[in-house]
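A.B. asks: Convert by adding 1 to the 1-based position in the sequence shown; the result is the number in my numbering. Heads up, the beta-carbon is just placed ideally off N, CA and C, and yes, glycines get one too. Small disclaimer: the values here were computed from a predicted structure and weren't measured. Supplied in structure tokens, the structure appears directly below.
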Amino acid sequence: MSIMFLYHRFVKSWGPAFMANRPAYDLKRLLILYNIIQILLSGLLAFECLRWLYLPGYYSVWCQKINYEDTEVERMVINYVWLYYAIKLVDLLDTVFFVFRKKFNQVSFLHVYHHLGMCLLGYVGTKYVPGGHGIMLGFINSFVHAVMYTYYLISAVKREWVRIWWKKYITQLQILQFLLLIIHFGHILFEPSCGYPKWVSFVFLPHNIFILFLFSDFYLKEYIHKKKK
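Okay, structure coming up:
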């Protein structure tokens, strides 16, 4: 909560005030390194989920209760859940970099809310339900982030390589992500035989539904309404 508070105050108040009379910082080298690390970490999490959990059938996609047995795989799951949560905290640097580069238009309600929400839900998931059905969230989100940070990396290395339509399809991928997660967490509410705690759905679903609305609203304004004009 302290990290989230300091983050919000910096990106909304302290940072813009600090940069008001200063030129934007050139963070190209730092951004390249940061994006490479994000791609590697997100790619690792997505790959390990497939390798150890979903492809061998160790975890069910439809309904997976938390396994409290002390096994090598479950210890690995807990460690990767913690790593996922740590990455959500590192993700906050996205906005910090926007501020130092004076890209204040990027520090939107959608952007800040999404980052804060993922930090809070990441903490809840890590502390109370580190495994089971919720792992799918980490898998899907890590895959999407690997794609997204690849786009950011290309933008940082050589802007002219970027194609206009890439951003549109990345936004579509993000919207698809939230639709899949709503279905994933929603159906267990109506599945009596599923041993996964249902309170998790009541915590995660409102955030995913709201963020889906925000992303869809952004998509309509950015790619549909602007095109018509």
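If we ignore side chains and look at the alpha-carbon of each, how far apart do residue 83 and residue 127 end up?
C.D. replies: Cα-Cα distance, rounded: 6 Å.
A.B. asks: Just the C-alpha distance for residue 147 and residue 121, rounded to the nearest angstrom, thanks.
C.D. replies: 21 Å
A.B. asks: Write down the C-beta distance between residue 220 and residue 176 rounded to the nearest angstrom, noting that I regard them as a contact closer than 8 Å.
C.D. replies: 6 Å
A.B. asks: Could you pull out every residue in the same chain whose Cβ sits closer than 6 Å to the Cβ of residue 15, ignoring the five residues on either side in sequence?
C.D. replies: none
A.B. asks: On the three-state DSSP scale, how would you describe residue 95?
C.D. replies: helix
A.B. asks: Quick check: residue 98 and residue 32, are their CB atoms within less than 8 Å of each other?
C.D. replies: yes
A.B. asks: By Cβ distance below 7 Å, which residues in the same chain neighbour residue 145 in space, the five residues on each side in sequence not counted?
C.D. replies: Correct list, in chain order: 174, 175 and 178.
A.B. asks: Please state if the CB of residue 117 and the CB of residue 5 are separated by a distance shorter than 8 Å.
C.D. replies: yes
A.B. asks: Which complete alpha helix (DSSP H) runs does the region 110 to 190 hold, if anything under 4 residues is left out?
C.D. replies: 110 to 129, 136 to 158 and 165 to 187
A.B. asks: Give me the residue from 151, 223 and 10 with the minimum Cα distance to residue 41.
C.D. replies: 151
A.B. asks: Go ahead and pull the three-state DSSP assignment for residue 104.
C.D. replies: When DSSP states are grouped into helix, strand and coil, residue 104 belongs to the coil group.
A.B. asks: Excluding the 5 residues flanking residue 185 on each side, which residues of the same chain have their C-beta closer than 7 Å to its C-beta?
C.D. replies: Hits under 7 Å: 137.
A.B. asks: Should residue 106 be labelled buried (16 or more other beta-carbon atoms within 10 Å of its own) or exposed?
C.D. replies: Result: exposed.
A.B. asks: Look up residue 80 in the DSSP assignment and say whether it is helix, strand or coil.
C.D. replies: helix
A.B. asks: Using three-state DSSP, classify residue 85 as helix, strand or coil.
C.D. replies: helix
A.B. asks: Taking only the alpha-carbon atoms, compute the straight-line gap between residue 17 and residue 100 and give it to the nearest angstrom.
C.D. replies: 6 Å
A.B. asks: Let me know the secondary structure DSSP gives residue 70 once reduced to three states.
C.D. replies: coil
A.B. asks: Does the Cβ-Cβ distance between residue 46 and residue 86 come in under 8 Å?
C.D. replies: Contact flag unset, no.
A.B. asks: Give every residue of the same chain whose Cβ lies closer than 6 Å to the Cβ of residue 172, excluding the five residues on either side of it in the sequence, and list them in chain order.
C.D. replies: Excluding residues within five positions, the ones whose Cβ falls inside 6 Å are 220.
A.B. asks: Work out the CA separation of residue 96 and residue 165 for me, nearest whole Å.
C.D. replies: 22 Å
A.B. asks: Does the distance from the CB of residue 67 to the CB of residue 130 come in under 8 Å?
C.D. replies: yes
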